[in-house]
Structure formats: structure tokens, C-alpha cells
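Chemist: Numbering (mature numbering (1 follows the signal peptide of the UniProt record, and there is no 0)), first residue to last: -41 to -1, 1 to 352. Have a look at the structure that comes next, please.
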């Protein structure tokens, strides 16, 4: 620049105004181009973020019957400890009195030495016969006393009970009654020397051995019945509310359907026999008792002590939305996609679970359906976030 201007300065000349204007315009254009290059470079390096792709299922509200699963344990309808009611030595023991073996009602399980009880029975029979004879004799004496009083013809006086032997007659009548009661007791004691199965049962444990000595109250064995089995489950307050009518009244046992499944998924039809009148004071749960047969239609046997799943089906609720269980986050939210492809979050309270779906009340969603439910939401989702949807497989 100095070399260019030096001739002008040498001759004392300056550039014209037109030349100065052209130079200023060129300088302004070059400055604008220089300033635009960083912005264009920045725009070129900033990538366009893609919309997140979410899998959704479409759900609508519909009437659904209440159905949920609870867990319980199977118990015998009757479980009993067999005890001896008499004292003596065990002289006989059934081979069926072993844990796990089946018993039929009336089977003789054990026999206790009975000679002393037979002797007691004979004595009781003799005392009864003697009392009957004494009563007959006293009745004859009473009749003779009445006849003698009539013959005496004592006027102005009534015969006293002692003269007519009425107290003696009553004494003989009571003796006869006591003798009859002693005979019944002797017969019962003799019968109790043979311990029999009170019902069809399975042996849980045996507590005696041959020739062992037992006293009244000694445990012989423990058994449980095989006619029916009981299943008792506990319902939470929320579950109990689902089994109430719309007016808040309890459903009857005939209005609740139930199925029992073992660990392998084998099913038993169940009958609800009773509903707990009050809730447990500690757990606030209410009990429900069911009854099942030990053997189902397929021939599978259920044993007491087995843990089972109980599926209960109650009343129908008008507006229920069934969503996949995976759609509910750990914080209790369900995400939906609006018509303008924006994510929306809803706090929900599950009512019941059916297989792998959860029932939600329609009030959990602010608008009417159908709704696009996000199947597997992730923690990075934000409300009003724009997304791209695809149908879940």
C-alpha cells in the first residue's frame, strides 16, 4: 500500500472521491463475507436430531369383569390328632398306619389290651341286672304297703311317703339309672380299645409302636381328611373393594368365580365357602375361604401344604383400560402419544392384573380414547417430546 501511494504523495496528489467510494464498498463486502463464513460453518456442523422411535399399542375403554390373582396355601378340610381314650398296652398295630398311606373310614388302626375293660363291662352288666331286680322288688313292697294302709282303715290321717315306701322306690330307680350309665361307659371304654379311622384320610405321622404302653390322651397318629381341601387367601383393602357391588355391598359367594392353579399351571375348579366378616386387626386384610376337590378332572392330585394361585372373578366395571404390564413405569406412570406425536405422562393406580395386562380406570387419562400406549417407556422421555411411533409386535 505504501508503494502504491508513494507516487501520489511524491507529487502531492490524492485519490479521487470516486475511487475512495469504490474502495470502501469492496472493503464492506469483504467484511460481510468474512463474518458469514463462521455462521455457515456452524450450521454445516450442527446435525439435525432425529425423533425417538417408540413402540405403541392402541387401547380403548371397555367393560371388564374384575379379575385378579392372589396366593394361598392348601390345607385339609379336617386335620386331627388321634389320641387314646383308654389306658393299656398296644397289642395290635395296622400296617396302614404309616405316613403317606391312605385310610378308609372305619379302618382299625391300633388295638389296646382289653381284658380289664371286658371285666368292667361284665361287672356293669351284673350291676344293671341287680338294680333292675331291686327295683322290681321295691315296686312290689310299695304296692303291699298301699294295700296294708287301706286295710288299716285309719280315718283322719293320710299315709306318709315313708309308710308307702316311696323314698325307697326312688332310691332304687336312681340306682338303676346309675347302673345303666356305668354300663354305657364300660361299653364305650371297651370299644375305645380299638382305634379306628374317623373318616377317609391320609396318615401324616405315627406316634406309637407295637407293645408300647399308652394312657388316656396319648397321641396315636396325626391324619388329614381326603374328602375336600380348603384354600384360604387374604385380600388387601383394594382387592376387597373390587369384590364389592357398585353400591358398596359385599358380593355373595355365588357371585364370585374362582379357579385354583398349582405351580405347574394345572387348574382345579373352586367353590367359595365363606367370606371373612372382619379384617385382620394387624394386616387389615380380609380372608376368603375356598374349597376344592383333592383330584381334578385330569386326575392330578392336590396335597395339603401346596402353595397355589387363586384367580378371582367378580363384578363388571364399565370403563376399564387394559394396558401391557411393561407400560407402567416403576414410578407408576403410563406414557401415551397424542395425535400431534407428543408424549404425555399419566399417573395411574392399577386395579387388577390379568395375565400380562394391567387394568386401569379410565379416569387416569384426561381425554377420551383410543390411546396410543407406549409399551416400553424409558427414563429419558419428557412430556411434550416429539416422537415417531411404530406398532408394537
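All residues carry an ideal CB built from backbone N, CA and C; glycine is no exception. A quick note: this is a predicted structure, and the numbers were derived from the prediction, not measured.
For residue 253, count neighbouring C-beta atoms within 10 Å of its own C-beta (all shown protein chains included) and say buried if the count is 16 or more, exposed if not.
Modeler: When all chains shown are included, residue 253 counts as buried.
Chemist: Could you name the residues that DSSP lists as bridge partners for residue 159?
Modeler: DSSP output for residue 159 lists no bridge partner at all.
Chemist: For residue 151, which residues from the same chain have a beta carbon less than 6 Å from its beta carbon, with the 5 sequence-adjacent residues on both sides left out?
Modeler: Same-chain partners within the cutoff: 44, 45.
Chemist: Within this structure, are the beta carbons of residue 27 and residue 312 separated by less than 8 Å?
Modeler: Against a cut-off of 8 Å, the Cβ pair of residue 312 and residue 27 comes out as a contact.
Chemist: Please name the residue in 31, 37, 59, 146 whose C-alpha comes closest to that of residue 81.
Modeler: The shortest C-alpha separation from residue 81 is found at 146.
Chemist: Measuring CB atoms only, is the region 109 to 125 touching the region 168 to 181, in the sense that at least three cross pairs come out at less than 8 Å?
Modeler: No: fewer than three Cβ pairs fall under 8 Å.
Chemist: What does the Cβ neighbour count give for residue 333, buried or exposed, with the cut at 16 atoms within 10 Å?
Modeler: Label assigned to residue 333: buried.
Chemist: In the structure shown, what three-state DSSP assignment does residue 5 receive?
Modeler: With a pLDDT of only 46 at residue 5, under 50, the local geometry of the prediction cannot be trusted, and no value is derived from it.
Chemist: Using C-beta distances below 8 Å, list every residue in its chain close to residue 255, excluding the 5 sequence neighbours before and after it, in chain order.
Modeler: For residue 255, where only same-chain residues beyond five positions count, the Cβ hits under 8 Å are 225, 226, 227, 228, 261.
Chemist: Under 8 Å between the Cβ atoms of residue 60 and residue 154?
Modeler: No. Outside cutoff.
Chemist: Please work out which residues of its chain come closer than 6 Å, Cβ to Cβ, to residue -30, disregarding the five sequence neighbours upstream and downstream, and give them in chain order.
Modeler: Residue placement at residue -30 cannot be trusted, given a pLDDT of 44 that sits under 50; the coordinates are not used to answer.
Chemist: Name the residue from 328, 297, 301, 307 whose alpha carbon lies nearest to the alpha carbon of residue 284.
Modeler: The residue with the shortest Cα to Cα distance from residue 284 is 307.
Chemist: Could you tell me which residues DSSP pairs with residue 193 in its beta bridges?
Modeler: Looking at the DSSP assignment, residue 193 forms a beta bridge with 246.
Chemist: Have a look at 309, 214, 101 and flag the residue whose alpha-carbon is nearest the alpha-carbon of residue 231.
Modeler: Ranking the options by Cα distance to residue 231, first place goes to 214.
Chemist: Using a Cβ distance threshold of 8 Å, determine whether the region 15 to 31 contacts the region 193 to 201, with at least three qualifying pairs required.
Modeler: Yes: the two stretches touch, three or more of their Cβ pairs being nearer than 8 Å.
Chemist: How would you call residue 179, buried or exposed, if buried means at least 16 neighbouring beta carbons within 10 angstroms?
Modeler: Per the 10 Å Cβ criterion, buried.
Chemist: Residue 34 lies in the beta strand (DSSP E); which residues open and close that run?
Modeler: Start and end: 21 to 35.
Chemist: Around the C-beta of residue 345, are 16 or more other C-beta atoms found within 10 angstroms, so that it is buried, or is it exposed?
Modeler: Exposed.
Chemist: What runs of the alpha helix (DSSP H), each 4 residues or longer, lie entirely inside the region 97 to 181?
Modeler: DSSP runs (the alpha helix (DSSP H)) wholly in the region 97 to 181: 125 to 150.
Chemist: So what's residue 46 in DSSP terms, helix, strand or just coil?
Modeler: If DSSP states are grouped into helix, strand and coil, residue 46 belongs with coil.
Chemist: Are the beta-carbon atoms belonging to residue 90 and residue 121 less than 8 Å from one another?
Modeler: No, the pair does not count as a contact, with Cβ atoms beyond the cut-off.
Chemist: Could you say which of 48, 338, 93, 279 lies nearest to residue 75 if we only look at CA atoms?
Modeler: The option with the nearest alpha carbon to residue 75 is 48.
Chemist: Determine the burial state of residue 337: buried for a count of at least 16 other Cβ atoms within 10 Å of its Cβ, exposed for fewer.
Modeler: Exposed is the call here.
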